[in-house]
Amino acid sequence: CGLNKSNYKMKERLLQEDDLTLDKAIQICKSLELTHQQAQSLQKQADGETIHKVSHGSRSIIRKSATNSGSERQTNTSRQDNRRPIHSRSRSTSKPRAEWNTGQSASRQREICTRCGQIHRVKCPAVGQQCSTCGRYNHFSKMCRLKSVRNANVRENADGNKNVNAVMIGERDDRDYFVCHIESGLHKDNEEGWYVELSINNVSVRAQLDTGAQVNCMSMSQIYDLNVVKSVRSSDKKLTAYGGTSLKNIGHCMLPCTIKGKKYDIMFNIIDENVPTILGLQTCKELGLVERIYSIISTRNDNVRYSQLRNLYKDVFEGLGCLPTVCKLTLKPNAQPIIDPPRRLPFKLYNRVQAELKRMENDGVIAKVTEPTEWVSSMVVTERKSGALRICLDPKNLNSNLMRSHYQLPTIDVIRAQLNGSSVFSTLDASSGFWNVPMDPESSKLLAFGSPFGRFKFLRLPFGISVAPEIFHRIMTESFGDLEGVCIYQDDLLVHAKNEHDHYNRLKSVLDRARQLNIKFNSSKCKFGQSQVRYMGHLFSKQGMKADPGRIEAICAMPTPNDKKSLHRFIGLVTYLSSFIPNFSQESSVLNSLIKKDVPWHWEEHHQKAFDKLKKLITEAPVLAHFEVNSPIVLSVDASKFAVGAVILQNNKPIEYASKTLTTCQQGYAQIEKELFAVVVGCTKFRQYVYGQSFTVETDHSPLVTICKRNLANVPSRLQRMLLQLQAYNFQVVYKPGKHMYIADTLSRAPLPETDDSLDEEISVHVNLVRSSLAVSPQTLSEIREASKNDEVHAILKGYSKNGWPHTKSQVANPAKPYWNFREEINIIDDLLFRNTSIIIPTTLRKSILNKVHTSHMGIDRTKSLVRGVLFWPQMSVDIKNLIESCETCMKFRPSNTDEPLKPHELPTLPWQKVGADFLDFNNVKYLIITDYYSKYIDICQVSSTKASCVIPHLKSVFCRLGIPSQLVTDGGPPFQSKEFKEFAHQWEIQHVLTSPYMSRSNGMAESGVKIVGNILKKCLDSGTDPYLALLHYKNAPKGEMSSPAQLLMSRRLRCTLPISTDLLKPKVINLKNHMSLAKRIQNKSKEYFDKKSRVMTALHSGDNVHYKLKPNGHWIPGGIVIKPVGIRSYLIRNQEGSEYIRNRKFILANPTPILKSSAYDSYADSYATLDKPINIQRKSIVSPQQTSSPPTSLSTGSPNSTNITAGSSSQTSSENDTQPVIRSSKRIIKPVKRFTFSEFDQPNK
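Numbering (the numbering used here), first residue to last: -1 to 1244.
What follows is the structure, encoded as structure tokens:
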């Protein structure tokens, strides 16, 4: 591995890692090498080597009090801090520090105590005393070090102006400080970047930036060089180097320093050692010399792949864009024009403002105005972070007269929901955002402003217009909103994806769209391919959303409030991060009570504790997971004496927190009422997450589970209002012990300062919404109300709703039993019975309601969706289904049946064994087309008519040339059903199979031959070529892997006009086995494709009432009765007039049988009595059915050489009468079967 024997410890360390990688191994080795070098440096320090750098230590030294034990005193006395007199130039003399907490050895020299100002041998009299100057303990006011530094030193420049950049860094307290450094030979090349030049008394001093040092340090020799010895003040700070070695701290002094042209007052600690001048962490931060990095984001992608993308779209990041959408401002009708007087501009800014106006004019942002304008606003000049000027408007008067477009901006919750599952992010910032939007000429006149250099008007959307954010966000949404994985908030775009590939493509699509629309982005603010980005004031990553550390630091850096206004400001900042904090501390209510109007300001110790604890909670803010729509939702709630809390969870990860402080009235609620109120608060706060979703509510109050399952009438009035409000949500309450619900429990005991009473108001609003949003006319509503007063069932239900339902279903009155399963959902609103939001229709109105519902004759599902959520009664869906299925109008125009699965013909094993015949009518000439099922060989004969006497000779001519087939398949046309044709088939020993005349697929091979010949004839007629020669070429042409029809039929090629070798014309036997296998595979593939859109229909039985079709495109005809099945999928049907037809199952529709009849269905029962007239049986010529997806089926038995026909002859009819029951004419009226239903209870006795 490259490690020698001296690296044994390094090898041992690497072997301890489970998932060791090369990068990780290199990192560990580097760390161990650095540790080794540090240890060597410490060893050198212990041997007396001088330490030249200082840094912050990792531990603190605790000062012992005077009451400590002897061992503690001994520890203290062993620590010395020899200080040389300030006025002395000698470095060899020093005096021991005066000890104040215990008596010291007589050999120790005593001096004045820095805490009491006296010389004492035993306990210092200042111990336990509070200083009246700084408020701290253990020293007197006269010795307080803050006296000399309480007032900031504000020095004046040579021109008499005060320097606003002056900073005074004073003493903090009397704690100990570490100054330590570890010498390392690494990164020597970068050390120059950690120094800064100071100018003190016109003397250049090179100071090192040391973020590990707690204080600023300077050597005594440097003080002499600066000639500021008189500025040094005594100090008892302990400065300790790394390893615990004490440094000689002489004192401190405030020195005027000039850094990068700005002047500051900086406090330095003077060390009697040869050390460089050092600026500590606090000073470096306040002077802006170092910047804290809150998160390290990998930029390797941005440096390689995404840098190429930047170069590819370099034009998108240069210049000022101009979107094609023009912005138009609209004034209110009563707007009065106002001209603001120009404001004075500081003389020092004249040149810079003039240059900026000229630049904006050249860029097309503004234009000079010479004509009069009704509106003139004031110009505002601000300075950017970069130091450049920004010209804005102050359109206060114009804003109050502009009409808003009211375009909704997305909330942070909406953005979070879109980021679920994403792991790669990019942010883009529109360069000069609003300036990308051009203004229309009339609106531009409203944006005129005055300046010392004349009047100008904005040609682009300016900053400062109140409607600008909504307009710009709308335009950006219209421009980029249709792109996948793009979040938009005004001029900031967030591109996200689950992986690098998708993210790169999405980012490229955004840049393509930007180039197309001519919008420009600020390259310096765009971040590509990041694992974590800052967006809308928060940090987003794969794990979720967390608070911006910058905001957290701002809160933690806030000083202790000294009035109500500063406390308000602190609470406002904390509230901004409330969604991250599961615990806002029990003391938050203490701070809230202090900001009330009637409470005087008095900051006490318990206020300070609450203040400090809130800061601590902010620093511990967790990461909130992204909301996932398809994951289960858990709402955990809890209530305490003075507040309620809730947290929404997914996969045991918090999504968001909420809490609410109870009002004085609400604090008097019973505990069960508080617990239910917590559910209301949680559902209301998280409505965007839970509305329309099924979720679980967790509570540690077990009675709440039972209460939520009970009906409204059986709970107290206050709980009724709460349960009524919760009816809009679909949730299940489960019990969970309190020890497992620490989050919600904590929130309820540490709520946010919110006492909104709007939740109580929403209860009545929800009731009104249920009543006013009904899709029922007032007249119908009045009819329902009157009918319900006289309805027995409604009277029973209202009684149960008011007085409570019985405990068991057996105790419920019979008419109300159908309502038992949803009794909790029934409520009374405005004297009407509702099931949730659906009106319960009285029994007497159900027939008329069904008639109105079915006015449009829609289908079953559409009709159910029409009344769903509006109307209700038991078995309503069944009544709707029975109504529609019994409607003759709906049945008449019902779509045709779906095709049944294909039943292919059995493949013939020999050529010309099975042929199909059909007619082709082309150009007023009739042709007889004969096609072989085995070889697909086609023969064509021109016939003068379709009579049997004309067709039979042509068939004989073909059969004498090619042979007599075993089976001839034709449709049921006139020549094929004639007696003459039957005799021909019998004499020539041909099995004649008839197919349905309307289903071409039954004789698919013949229909295919007709189609092929028809196409050949059309093309030959158009091109003037010989159709017979073209047909010859077809017979010689192979198709796919199969041989040509001529080869399959005759085992040879046919000579045509194409040049061909005589060897190819010789007969060649075709492999029958291979051909059959290939044909079978092709047939199975066709069946598989066809069956994807087919379904099997139920078989019919003799005596079934059916609807049928005479023709495929005709309407459904009622009144048919199945006589008997004929073939596999064909049936003999007799209508009311006695005519009989044979039809395929595709053209037969079985009459639906009612599932369950209620009282509303009785009026439609007569639709089933369709055979109530005498039947006059008449024998007519029977039309053969068309077999949709099955092979031709023999419709009567016979010998192989007999002609199989459907029916028609008298002899066949008589033979059928021997086996079929004879249906005679009758006056009897046929009625449908009556079935028992609950509606029998509602009908009067007959």
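Here a beta-carbon is modelled for each residue, glycine too, at the ideal position from N, C-alpha and C.
For clarity, every value in this text was computed on a predicted model and none was experimentally measured.
>> If I measure Cβ to Cβ from GLU15 and keep anything under 6 Å in the same chain, skipping five residues before and after, which residues do I get?
In response: Once the five neighbours on either side are set aside, GLU15 has no close Cβ partner at all.
> Which residues share a DSSP beta bridge with GLU195?
Replying inline: Answer by DSSP bridge pairing, in chain order: ARG204.
>> With H, G and I counted as helix, E and B as strand and the rest as coil, what does DSSP make of GLU70?
In response: Reliability fails at GLU70, whose pLDDT of 38 lies under 50, so the model's placement of it is uncertain and the value that follows must be treated cautiously. Of the three classes helix, strand and coil, the one that applies to GLU70 here is helix, per DSSP.
> Based on the DSSP output, what are the partners of CYS255 in its beta bridges?
Replying inline: Per DSSP, TYR262.
> Does DSSP put VAL991 in a helix, a strand or coil?
Replying inline: Note: VAL991 maps to strand in three-state DSSP.
> Looking at the unbroken beta strand (DSSP E) that takes in LYS658, where does it start and where does it end?
Replying inline: Here the beta strand (DSSP E) through LYS658 covers 651 to 659.
> Going by DSSP, what residues sit across from MET1273 in a beta bridge?
Replying inline: It is not possible to answer for residue 1273, since the shown part of the chain is limited to -1 through 1244.
> So what's GLY914 in DSSP terms, helix, strand or just coil?
Replying inline: Residue state, collapsed to three classes: strand.
>> I'd like to confirm the pairing. Which residues does DSSP put opposite ALA353 in its beta bridges?
In response: None, per the DSSP bridge assignment.
> Is LYS815 helix, strand or coil when you go by DSSP?
Replying inline: LYS815: helix per DSSP, three-state reduction.
>> For HIS792 and ARG783, I'd like the C-alpha separation in whole angstroms.
In response: Cα-Cα distance, rounded: 10 Å.
> Can you tell which of LEU633, LEU417 and TYR405 has its C-alpha closest to the C-alpha of GLY483?
Replying inline: Per the Cα distances, LEU417.
>> Going by DSSP in three states, TYR931 sits in which element: helix, strand or coil?
In response: In the structure shown, TYR931 sits in coil (DSSP, three-state: anything other than H, G, I, E or B).
>> Considering Cα atoms alone, identify which of LYS121, SER1000 and TRP433 is closest to TYR931.
In response: The candidate whose alpha carbon is nearest that of TYR931 is SER1000.
>> Below 8 Å on the Cβ atoms is my contact criterion, and I expect ASP313 with ASN395 to pass it. Report the Cβ-Cβ distance as a whole number of Å.
In response: Contact between ASP313 and ASN395 fails: their C-beta atoms lie close to 40 Å from each other, not under 8 Å.
> When DSSP builds the beta bridges, which residues end up paired with LEU869?
Replying inline: LEU869 pairs with ILE837.
>> At 3 residues or longer, what runs of the beta strand (DSSP E) sit wholly inside the region 596 to 643?
In response: With a minimum length of 3 residues, the continuous beta strand (DSSP E) runs that stay inside the region 596 to 643 are 631 to 637.
> So, helix, strand or coil for CYS706, using DSSP?
Replying inline: In the structure shown, CYS706 sits in a helix (DSSP, three-state: H, G or I).
> Do CYS390 and PRO436 have their C-beta atoms within less than 8 Å of each other?
Replying inline: Taking 8 Å as the Cβ cut-off, CYS390 and PRO436 do not qualify as a contacting pair.
> Hey, HIS952 and VAL941: beta-carbon distance below 8 Å or not?
Replying inline: Contact flag set, yes.
> CYS1054: buried (16+ other C-beta within 10 angstroms of its C-beta) or exposed?
Replying inline: Flag for CYS1054 reads exposed.
>> Closer than 8 Å is the cut-off here; do at least three beta carbon pairs connect the region 505 to 513 with the region 464 to 475?
In response: In short, these stretches do not touch, since the Cβ pair count stays below three.
> Of the residues LEU343, GLU883 and GLY278, which one's Cα is nearest the Cα of ASN1149?
Replying inline: The residue with the shortest Cα to Cα distance from ASN1149 is GLU883.
> DSSP state of ASP969, grouped into three classes?
Replying inline: Assigned with DSSP and collapsed to three states, ASP969 falls in strand.
> With burial defined as no fewer than 16 other Cβ atoms inside 10 Å of the residue's Cβ, what is the status of ARG1143: buried or exposed?
Replying inline: Buried is the call here.
> GLU981 lies in the alpha helix (DSSP H); which residues open and close that run?
Replying inline: Element bounds for GLU981: 977 to 985.
> Are there 16 or more other CB atoms within 10 angstroms of the CB of MET401, so buried, or fewer, so exposed?
Replying inline: When all chains shown are included, MET401 counts as exposed.
> Helix, strand or coil: which one does DSSP assign to ASP937?
Replying inline: Strand, per DSSP.
> Per DSSP, GLY1118 is paired with what?
Replying inline: As a beta-bridge residue in DSSP terms, GLY1118 pairs with VAL1104.
> In the region 497 to 570, which residue ranges form an unbroken alpha helix (DSSP H) of at least 4 residues, counting only runs that do not cross its ends?
Replying inline: If you keep only unbroken alpha helix (DSSP H) runs of at least 4 residues inside the region 497 to 570, you get 498 to 515 and 547 to 554.
> Which residues share a DSSP beta bridge with VAL324?
Replying inline: DSSP lists no partner for VAL324.
> Between the Cα of HIS605 and the Cα atoms of ASP561, ASN849 and PRO902, which residue gives the shortest distance?
Replying inline: Minimum Cα distance to HIS605 is reached at ASP561.
> Quick one: Cα of VAL851 to Cα of SER1100, how far?
Replying inline: VAL851 and SER1100 have their C-alpha atoms some 35 Å from each other.
> What does a CB cutoff of less than 6 Å around ILE839 pick up in its chain, not counting 5 residues either side in sequence?
Replying inline: The residues are ILE847, LEU869 and TRP871.
> Nearest-angstrom Cα distance between PHE917 and LEU881?
Replying inline: Their Cα atoms are separated by approximately 46 Å.
>> If distances are taken between C-alpha atoms only, which option among CYS888, LYS228 and ALA205 comes closest to ILE276?
In response: Among CYS888, LYS228 and ALA205, the Cα nearest to that of ILE276 is on ALA205.
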